[in-house]
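Novice: Quick one: the structure is below, questions incoming.
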Amino acid sequence: MGYGLVCLVATGIVRENRTAKCPLKSSKILGKMDRGTSDRKFDTKNEIAAVRWSDNRVVSLITNFEDTRCFTTVERRMKGGKQKVDVLSCVVSYNKHKKSVDLFDNHMETYFSSIQRKKWYWPLIVNSFETSLVAAWKLSKFFATEQALDLLEFRLHITIAFLGLCVPRNIAGRGLGIQQKNPDYLKLQSEHILVKIPNGKQRRCQHKNCTKNHSLFVKNVIYDFALNVSYHSI
């Protein structure tokens, strides 16, 4: 069913592997041609046009309402100075109106998680989390403009909050779990954990007015410091 039957019009970028059955010139061929070179095909049945245009890189677009035969000219810096390059009107229109959609995708890609798993559903989980995080960041900037954080700071706050939830807690009526299996691991008050320094090494106590060394140190979610627990409490 064509888009025209439901009165929906759109122009958007499409990946080259999604236009395999459309006989457009490949990116390799267009990339070797002059900047501004383009190729277009039109589906008369569904009234959809596909174009591929070469600039700094080759871009593929699909539209069902833009005229792909119209061009404008823009200046591009090249060797020897500036030069005028032909630009499809649908490309100009897309760049003008893309705004939020591409901007949102750009924010997601900036700090997108690099953790990979073999499960088929893992990309869905990561993408859902990243989408929610960027959306929450956008809302925080809208409702709290005076306290707005950049995206990296916002992600750090979220990460620290989740790490805080992962700190083991002593729950009445339950076994000690990992504390029973690992004598070098001891949960102290608050969010501090007592950990034995590897290789039997010692660190100087960082408590004020104390010069003793100790083989244990207190670890927090964000920081860690040596502490002689025989004489000091958290």
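Our numbering applies: residue 67 is where the sequence shown begins, and numbers increase by one. Just so it is clear, CB atoms sit at the ideal spot from N, CA and C, and this is done for glycine as well. Bear in mind that the values here come from a model prediction, so they are computed numbers and not experimental data.
(1) Per DSSP, which one or two residues make a beta bridge with Ser120?
(2) Since Arg118 and Asp105 should fall inside the 8 Å C-beta cutoff, what is the C-beta to C-beta distance between them, to a whole number of angstroms?
(3) Return yes when at least one heavy atom of the ligand GDP lies under 7 Å from the C-beta of Asn122, else no.
(4) Using a threshold of 8 Å, state whether the C-beta atoms of Lys107 and Leu90 are closer than that.
(5) Can you tell which of Ser155, Arg143, Leu222 and Ile79 has the C-alpha that lies nearest to the C-alpha of Ser179?
(6) Do Phe137 and Asp152 have their C-beta atoms closer together than 8 Å?
(7) Considering only DSSP beta bridges, list what Leu154 is partnered with.
(8) So the candidates are Val75, Leu169 and Phe228; which of them puts its Cα closest to the Cα of Phe195?
(9) Which residues in the same chain as Ala214 place their Cβ atom closer than 6 Å to its Cβ, once the five residues preceding and following it in sequence are excluded?
(10) To the nearest angstrom, how far is it from the Cα of Thr85 to the Cα of Leu190?
(11) Gly78 lies in the beta strand (DSSP E); which residues open and close that run?
(12) What is the residue span of the alpha helix (DSSP H) that Lys207 lies within?
(13) Among residues of its own chain, excluding the 5 on either side of Asn83, which ones have a beta-carbon nearer than 6 Å to its beta-carbon?
(14) With a Cβ-Cβ cutoff of 8 Å, do Thr139 and Cys156 count as a contact?
(15) Going by other Cβ atoms of all chains shown within 10 Å of its Cβ, with 16 needed for buried, is Trp203 buried or exposed?
(16) So what's Arg84 in DSSP terms, helix, strand or just coil?
(17) Look up Arg221 in the DSSP assignment and say whether it is helix, strand or coil.
(18) If we ignore side chains and look at the alpha-carbon of each, how far apart do Gly230 and Asn130 end up?
(19) Which residues bound the alpha helix (DSSP H) around Ser93?
(20) Rounded to whole angstroms, what is the Cα-Cα separation between Leu293 and Trp188?
(21) Can you tell me the Cα-Cα spacing of Leu217 and Asp171, whole angstroms?
(22) If you count every other CB in all the chains shown that lies within 10 Å of the CB of Ile128, and 16 or more means buried, which is it?
Specialist: With the structure as the only source:
(1) DSSP lists Val124 as the bridge partner or partners of Ser120.
(2) Confirmed, Cβ separation roughly 5 Å.
(3) Ligands are entirely absent from the displayed structure, and the ligand GDP is therefore not among its contents.
(4) The Cβ atoms of Lys107 and Leu90 sit closer than 8 Å to each other.
(5) The residue with the shortest Cα to Cα distance from Ser179 is Leu222.
(6) In contact: Phe137 and Asp152 (Cβ atoms closer than 8 Å).
(7) Beta-bridge pairing links Leu154 to Phe137.
(8) Nearest C-alpha to Phe195: Phe228.
(9) Answer for Ala214: Lys207, listed in chain order.
(10) The alpha-carbon atoms of Thr85 and Leu190 are separated by roughly 24 Å.
(11) Looking at the DSSP string, the run of the beta strand (DSSP E) that includes Gly78 is Thr77 to Ile79.
(12) Its alpha helix (DSSP H) spans residues Trp188 to Phe209.
(13) Result list for Asn83: empty, nothing under 6 Å.
(14) Not in contact: Thr139 and Cys156 (Cβ atoms no closer than 8 Å).
(15) With 16 or more Cβ atoms within 10 Å of its Cβ, Trp203 is classed as buried.
(16) Look at Arg84 here: in three-state DSSP terms it is helix.
(17) Three-state result, Arg221: helix.
(18) In a straight line, the C-alpha of Gly230 is about 50 Å away from that of Asn130.
(19) Ser93 to Gly97 is the extent of the alpha helix (DSSP H) around Ser93.
(20) Reliability fails at Leu293, whose pLDDT of 46 lies under 50, so the model's placement of it is uncertain and no value is given.
(21) In a straight line, the C-alpha of Leu217 is about 13 Å away from that of Asp171.
(22) With 16 or more Cβ atoms within 10 Å of its Cβ, Ile128 is classed as buried.
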